[in-house]
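Some notes on the structure that comes next.
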Amino acid sequence: GTSQSTGETAGEQGAKDPNKKDFTYAMSGVYKPFNFKENGELMGFDVEIGQALAEKMGMNPVPITNPFETIIQGLQAKKYDTVIGSLTITPEREKAVAFSNVYYRSGAQIFVAAGNDSIKSADDLKGKRIGVQKSSSYEQQALKLTDKSNITTYDSDVTALMDLPTGRLDAVITDQMVGFRYMKEVPDKIKDVGEPLSHDNQGIALRKDDKELLEKVNKALDEIIKDGTYQKISEKWFGRNILGSE
Amino acid sequence: MFDILLSSYPMFLEATFLTLRLTAISLIMGCGVGLLIAFFRISHSKALQTIAHVYITVIRGTPLIVQIMVLYFGITEIVTLSSFWAGAFALAIHNGAYIAEIFRGSIQSIDRGQMEAAKSLGMSYPLAMRRIILPQAFKRAIPPLGNQFIIGLKDSSLVAYVGMQELWGTGLGEAASNYRQLDTYLVVGLYYLVLVLIFTYVVNRLENRLNTGAAKKKSKGYDSASQSV
Amino acid sequence: MFDILLSSYPMFLEATFLTLRLTAISLIMGCGVGLLIAFFRISHSKALQTIAHVYITVIRGTPLIVQIMVLYFGITEIVTLSSFWAGAFALAIHNGAYIAEIFRGSIQSIDRGQMEAAKSLGMSYPLAMRRIILPQAFKRAIPPLGNQFIIGLKDSSLVAYVGMQELWGTGLGEAASNYRQLDTYLVVGLYYLVLVLIFTYVVNRLENRLNTGAAKKKSKGYDSASQSV
Amino acid sequence: MIEVKNLYKSFGSLTVLKGVDLQVGEREVVVLLGASGSGKSTLLRCLNFLEMHDQGEIHVNGQRIDPKTTDLNKFRTEVGMVFQHFNLFPHKTVLENVIEAPVYVKKTPPDRAREEAYALLEKVGMRDKADVYPDMLSGGQKQRVAIARALAMKPKIMLFDEPTSALDPELVGEVLQVMKQLAKEGMTMVVVTHEMGFAREVADRAVFMDNGQILEQGEPEHFFTNPQQERTRQFLNSIL
Amino acid sequence: MIEVKNLYKSFGSLTVLKGVDLQVGEREVVVLLGASGSGKSTLLRCLNFLEMHDQGEIHVNGQRIDPKTTDLNKFRTEVGMVFQHFNLFPHKTVLENVIEAPVYVKKTPPDRAREEAYALLEKVGMRDKADVYPDMLSGGQKQRVAIARALAMKPKIMLFDEPTSALDPELVGEVLQVMKQLAKEGMTMVVVTHEMGFAREVADRAVFMDNGQILEQGEPEHFFTNPQQERTRQFLNSIL
Ligand SMILES: Nc1ncnc2c1ncn2[C@@H]1O[C@H](COP(=O)(O)OP(=O)(O)OP(=O)(O)O)[C@@H](O)[C@H]1O
Ligand SMILES: Nc1ncnc2c1ncn2[C@@H]1O[C@H](COP(=O)(O)OP(=O)(O)OP(=O)(O)O)[C@@H](O)[C@H]1O
Ligand SMILES: [Mg+2]
Ligand SMILES: [Mg+2]
Numbered sequence: 010g011t012s013q014s015t016g017e018t019a020g021e022q023g024a025k026d027p028n029k030k031d032f033t034y035a036m037s038g039v040y041k042p043f044n045f046k047e048n049g050e051l052m053g054f055d056v057e058i059g060q061a062l063a064e065k066m067g068m069n070p071v072p073i074t075n076p077f078e079t080i081i082q083g084l085q086a087k088k089y090d091t092v093i094g095s096l097t098i099t100p101e102r103e104k105a106v107a108f109s110n111v112y113y114r115s116g117a118q119i120f121v122a123a124g125n126d127s128i129k130s131a132d133d134l135k136g137k138r139i140g141v142q143k144s145s146s147y148e149q150q151a152l153k154l155t156d157k158s159n160i161t162t163y164d165s166d167v168t169a170l171m172d173l174p175t176g177r178l179d180a181v182i183t184d185q186m187v188g189f190r191y192m193k194e195v196p197d198k199i200k201d202v203g204e205p206l207s208h209d210n211q212g213i214a215l216r217k218d219d220k221e222l223l224e225k226v227n228k229a230l231d232e233i234i235k236d237g238t239y240q241k242i243s244e245k246w247f248g249r250n251i252l253g254s255e
Numbered sequence: 040m041f042d043i044l045l046s047s048y049p050m051f052l053e054a055t056f057l058t059l060r061l062t063a064i065s066l067i068m069g070c071g072v073g074l075l076i077a078f079f080r081i082s083h084s085k086a087l088q089t090i091a092h093v094y095i096t097v098i099r100g101t102p103l104i105v106q107i108m109v110l111y112f113g114i115t116e117i118v119t120l121s122s123f124w125a126g127a128f129a130l131a132i133h134n135g136a137y138i139a140e141i142f143r144g145s146i147q148s149i150d151r152g153q154m155e156a157a158k159s160l161g162m163s164y165p166l167a168m169r170r171i172i173l174p175q176a177f178k179r180a181i182p183p184l185g186n187q188f189i190i191g192l193k194d195s196s197l198v199a200y201v202g203m204q205e206l207w208g209t210g211l212g213e214a215a216s217n218y219r220q221l222d223t224y225l226v227v228g229l230y231y232l233v234l235v236l237i238f239t240y241v242v243n244r245l246e247n248r249l250n251t252g253a254a255k256k257k258s259k260g261y262d263s264a265s266q267s268v
Numbered sequence: 040m041f042d043i044l045l046s047s048y049p050m051f052l053e054a055t056f057l058t059l060r061l062t063a064i065s066l067i068m069g070c071g072v073g074l075l076i077a078f079f080r081i082s083h084s085k086a087l088q089t090i091a092h093v094y095i096t097v098i099r100g101t102p103l104i105v106q107i108m109v110l111y112f113g114i115t116e117i118v119t120l121s122s123f124w125a126g127a128f129a130l131a132i133h134n135g136a137y138i139a140e141i142f143r144g145s146i147q148s149i150d151r152g153q154m155e156a157a158k159s160l161g162m163s164y165p166l167a168m169r170r171i172i173l174p175q176a177f178k179r180a181i182p183p184l185g186n187q188f189i190i191g192l193k194d195s196s197l198v199a200y201v202g203m204q205e206l207w208g209t210g211l212g213e214a215a216s217n218y219r220q221l222d223t224y225l226v227v228g229l230y231y232l233v234l235v236l237i238f239t240y241v242v243n244r245l246e247n248r249l250n251t252g253a254a255k256k257k258s259k260g261y262d263s264a265s266q267s268v
Numbered sequence: 002m003i004e005v006k007n008l009y010k011s012f013g014s015l016t017v018l019k020g021v022d023l024q025v026g027e028r029e030v031v032v033l034l035g036a037s038g039s040g041k042s043t044l045l046r047c048l049n050f051l052e053m054h055d056q057g058e059i060h061v062n063g064q065r066i067d068p069k070t071t072d073l074n075k076f077r078t079e080v081g082m083v084f085q086h087f088n089l090f091p092h093k094t095v096l097e098n099v100i101e102a103p104v105y106v107k108k109t110p111p112d113r114a115r116e117e118a119y120a121l122l123e124k125v126g127m128r129d130k131a132d133v134y135p136d137m138l139s140g141g142q143k144q145r146v147a148i149a150r151a152l153a154m155k156p157k158i159m160l161f162d163e164p165t166s167a168l169d170p171e172l173v174g175e176v177l178q179v180m181k182q183l184a185k186e187g188m189t190m191v192v193v194t195h196e197m198g199f200a201r202e203v204a205d206r207a208v209f210m211d212n213g214q215i216l217e218q219g220e221p222e223h224f225f226t227n228p229q230q231e232r233t234r235q236f237l238n239s240i241l
Numbered sequence: 002m003i004e005v006k007n008l009y010k011s012f013g014s015l016t017v018l019k020g021v022d023l024q025v026g027e028r029e030v031v032v033l034l035g036a037s038g039s040g041k042s043t044l045l046r047c048l049n050f051l052e053m054h055d056q057g058e059i060h061v062n063g064q065r066i067d068p069k070t071t072d073l074n075k076f077r078t079e080v081g082m083v084f085q086h087f088n089l090f091p092h093k094t095v096l097e098n099v100i101e102a103p104v105y106v107k108k109t110p111p112d113r114a115r116e117e118a119y120a121l122l123e124k125v126g127m128r129d130k131a132d133v134y135p136d137m138l139s140g141g142q143k144q145r146v147a148i149a150r151a152l153a154m155k156p157k158i159m160l161f162d163e164p165t166s167a168l169d170p171e172l173v174g175e176v177l178q179v180m181k182q183l184a185k186e187g188m189t190m191v192v193v194t195h196e197m198g199f200a201r202e203v204a205d206r207a208v209f210m211d212n213g214q215i216l217e218q219g220e221p222e223h224f225f226t227n228p229q230q231e232r233t234r235q236f237l238n239s240i241l
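In order, the protein sequence lines correspond to chains A, B, C, D and E. Positions 10 to 255 (our numbering) are the ones given, in order, by the first sequence. Positions 40 to 268 (our numbering) are the ones given, in order, by the second sequence. Positions 40 to 268 (our numbering) are the ones given, in order, by the third sequence. Positions 2 to 241 (our numbering) are the ones given, in order, by the fourth sequence. Positions 2 to 241 (our numbering) are the ones given, in order, by the fifth sequence.
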């Protein structure tokens, strides 16, 4: 690893062991409940998965936030060594980075304002204004449903969801877990519509030439799934296991 | 870099027009806001002066990106706007504070004898303002206004963060899909640079044209580049 | 809004210190860059003049956010930097161009008789610069420099987009988890406003202190607020 | 025609006019003298309400002018003023300067205003410069245009505040010439000036102000040769 | 001491010096006269290489000064210059102005420099203002400090460029007094001035420049009363 984390980019996660190498992993930090900040502390599913992996590999976990739209660029620029940031594995991205084994599976879901009764399924989205996280896989999905000029991109899926009740958007496509969490915390603002558009595999991204670390990560991932650590983390954040299967 | 410049120019040209439209509209509105606030500041009403003062202090005391986000979400609580108009209003309100100070400065730089002469001829305050003071003040405002317009053009890039696909928004999206951010950003920078240079040229021409009408005021007369200090 | 102000102040205070550290470091470096470029511009070497001219034109002709992104990713190709230092360098290079123009202006505003007197006493150009011209120029640069520092403070918010968790970065993250962006952004804006007001006060004090040493130059003497135009 | 009674005016803590009484009759030419700071300009500016007096009364044609009840803009059309620094409108040609107020204040049809303006410019000897901008004129020419501009409103009274003191000496004459002509035609005039020749030849009365009050006044001939007050004598010695 | 041979100097297309020849002997006081724009300042500034001449030669103490091979900074310590607008350093006190160059150029120990500075200030009558900033001084006082500052480098030649022409008339005397004293002590001086009294009393020679050339020179007594050239006569008439 070459990142010289200064601690500016991530909340200090406990005391560091100076004898261990750093395991730096990036996320947007604006993707509740997968990764987000509360009172300055970075937390969420992705953060804890990273911690568990680091422990298995005998390394120091160093979570880092980076805007989602440049998260792959940051990886390539060696600002950090991995992305554990709910990156959907897509053929496009596989050209740029290497992915670990799937670390969770989830669905892309359409959300609309609570009072909106005109949109009932993906077929109703033609010509409608859709909001998505900039450069996410959902942006690609939205492009298939409406034309480019009707798509608004945001820094955070959460910001997009919050722009639904304003009437600026007709729909938002994002991870179902992200939307459900919002619905739970802020009732009666938005609702989900129809079946998930897709079931996506999420992976941990690494630089392509970083084969050694990829192997270690895959091995550690296997281990935490087998020894129940994964199960515990998933239960904590979602009340169920989101690893799923193909 | 050159391949991006060549291959994706239709997209960037379209984004350039959006940037220009956004800039133009927000600056026109900004001039309206600026003029109003400038009048508030030089009015005799303490209340209006205070409004203007607070407005200018708050706008000049906070980052534009914060203003854009606040206005984008704040305006919506009152009236629903498309992201184009929300962005345009945010930029107008921002630029308005700076333009207000430019107008105030240029109005106050007009010799007070002008207002007195107008009044002594029986002109009312609004008439004297309109016919005598403002035409002179506007001319004086052109250089700083041109400068503010350039700043406004560059600052319009920040509405990319409320979802506008103008130049910078397009650049961000493009870089995220071609994974060649450095080259892409350089191309976007080049587009802005060309716009700014063109605009600078136009403003300079305008200034010169306006100056030839009246007698030219010569500056101190050294060539600054060859000065020996 | 007030609950956010009250509940999360430790986090925002920490972020404020990061913003201040970032601003301070980038402005100190920016002053170094600015001084160097200012010397280039007034040098007799055509090459150095051209370098300075291109530098200033490019920086002033492109949006800061583009510069930050280019430098953040561009610098990395040469040397790997933490996001703090990448952001600080980007801001330093940006502010340097503006500070260069401030320094150049203030150096050139010093009467050329000063340099001639120094030379006639046998002082070399560098010695005369250091002992005679620069001390006077620095004093004159303080008001515009103070203004640029305020701009630099506000502009530092943009490094949030290269992942810095300073004031604005913290605000963005917080808003995405408490689902109350308007209030959160307003709180962040308030922090910036307070910083700017404090800084403005300090600069004004400094200016006054420096002015009492020498004879005070009086301005035209009307109270601008009570002017009747 | 003008009657000023017990006029007071302060700027902040500085009292500039301290109970001024002055009458100016119809067709009378009054010259106002006094040291710098004695309040001459302030008095003149109070006469057309560019400054508002604090106490006292100003009557014009027997009618009291009260800023609260009078339309001052209308009143000012009847009082022309000529300033030391001309105050021509630099963004308008000589002709436009002259027709501006008739057209936009009095709503005179532009054609008629232009005709009258040409006649006035003829009178002050500036007919051939009608389409030139003020920047291209000498000080004396500017001041003559300023006089024409004031006359274009057909005022009943003309106020002059040191109309020649910003001029190069060789240009003073041409302006005084125009003013003499005006006096001869019977205009009521109040003139602040230190041009003794003009005062002697043209004025009906000289008024000496000192420290915000009128100290002495009289016929010019008498006033200049035999002032009553020591202060007046000092002042006249200093400027002659 | 100084020998100028066939000096040429142009600014762009304007040729200001057109072949000037001039000798100044040791302990000689030369007064340079001429209309505005005739090139007096330029000649003076060429003498200490604040301007570089285009053609010709300048010899000092028999040695040719070539900008390319001479250390000009060192050379300038031997030639003091006093300017029309004083050019004191406003951010330094009177004393600091005087010791600046000795300490930073000649590396004189500060204590000794200060001692010498006090003596010089005593000589120009400014000892009691040593700790005051230039802003607080009158023009005459400033110029006397400027002379002390130049003398502090112990120059062999002093150049004065209209040292009294920016002064109020009543302050001219005190500066001329200091210059006379200097001449009496045997300083070699080249002085551009229109003060005829000074020229008559102090100068060994008067040199008249016209249009970039030296037209005439001679002993002051003879020069002023009986100039040879028509042009010189005209000029003398205009300033006397
Ligand atoms: N607008 C103003 N605010 C404050 N003080 C003023 C104002 N106008 C005039 N004064 C002061 O009032 C005093 C009288 O001024 P005024 O101009 O009437 O004198 P004056 O007799 O016309 O002198 P001068 O011959 O110099 O024109 C002066 O001390 C002046 O500084
Ligand atoms: N640095 C310069 N660049 C261009 N022209 C110059 C420069 N310095 C002097 N000149 C011109 O050279 C001519 C001679 O100037 P100089 O100052 O030597 O005249 P002078 O005899 O000293 O006149 P004065 O009595 O007005 O000081 C003038 O026309 C002047 O405008
Ligand atoms: Mg006056
Ligand atoms: Mg000269």
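Cβ atoms here follow ideal geometry from the backbone N, Cα and C, with glycine treated the same way. None of the values given here were measured: they were computed from a predicted structure.
First through last residue of the alpha helix (DSSP H) which encompasses residue i
{"i": "A117 (chain A)", "result": "Segment 107-122 is the beta strand (DSSP E) holding A117 (chain A); no alpha helix (DSSP H) there."}
{"i": "H92 (chain B)", "result": "85-99"}
Within chain C, partners of residue i - CB distance below 7 Å
{"i": "V198 (chain B)", "result": "What V198 (chain B) touches in chain C: nothing, since even the nearest Cβ is about 11 Å away."}
{"i": "I104 (chain B)", "result": "S196, L197, W207"}
{"i": "E47 (chain A)", "result": "S216"}
Proximal residues of chain C, C-beta to C-beta of residue i below 8 Å
{"i": "R77 (chain E)", "result": "K158, S159, L160, G161"}
Limits of the beta strand (DSSP E) - the one that residue i falls within
{"i": "E140 (chain B)", "result": "Not the beta strand (DSSP E): E140 (chain B) falls in the alpha helix (DSSP H), residues 122-148."}
{"i": "A206 (chain D)", "result": "First, the residue type needs correcting, since residue 206 (chain D) is Arg and not Ala in the sequence shown. From DSSP, the beta strand (DSSP E) with R206 (chain D) extends over 206-211."}
{"i": "T161 (chain D)", "result": "The residue you asked about is not Thr; residue 161 (chain D) is Phe in the sequence shown. Looking at the DSSP string, the run of the beta strand (DSSP E) that includes F161 (chain D) is 158-162."}
Same chain only: Cβ atoms within 8 Å of residue i, ignoring 5 sequence neighbours per side
{"i": "K41 (chain A)", "result": "G53, V167, V187, R190, Y191"}
{"i": "A131 (chain D)", "result": "T94, V95, L96, A118, Y119, L122"}
Cβ neighbours of residue i in the same chain (closer than 7 Å, five flanking residues each side left out)
{"i": "A199 (chain B)", "result": "E205, W207, G208, L211"}
{"i": "T233 (chain D)", "result": "F209, L216, E217"}
{"i": "K10 (chain E)", "result": "V17, L18, T43, C47, E52, H54, D55"}
Beta-carbon neighbours of residue i, restricted to chain E and to distances below 8 Å
{"i": "S174 (chain C)", "result": "Residue 174 (chain C) is actually Pro in this sequence, not Ser. The answer, in chain order, is H92."}
Beta-carbon gap between residue i and residue j smaller than 8 Å
{"i": "D162 (chain D)", "j": "L45 (chain D)", "result": "yes"}
{"i": "S39 (chain D)", "j": "N212 (chain D)", "result": "yes"}
Please list, in chain order, the residues of the stretch 94-115 of chain E that have any C-beta partner in chain C closer than 8 Å.
Correct list: E101, A102, Y105, V106, K107.
Got a sec: which bits of the stretch 203-222 of chain A sit with their beta carbon under 9 Å from any beta carbon on chain B, in order along the chain?
Result list empty, no residue passes.
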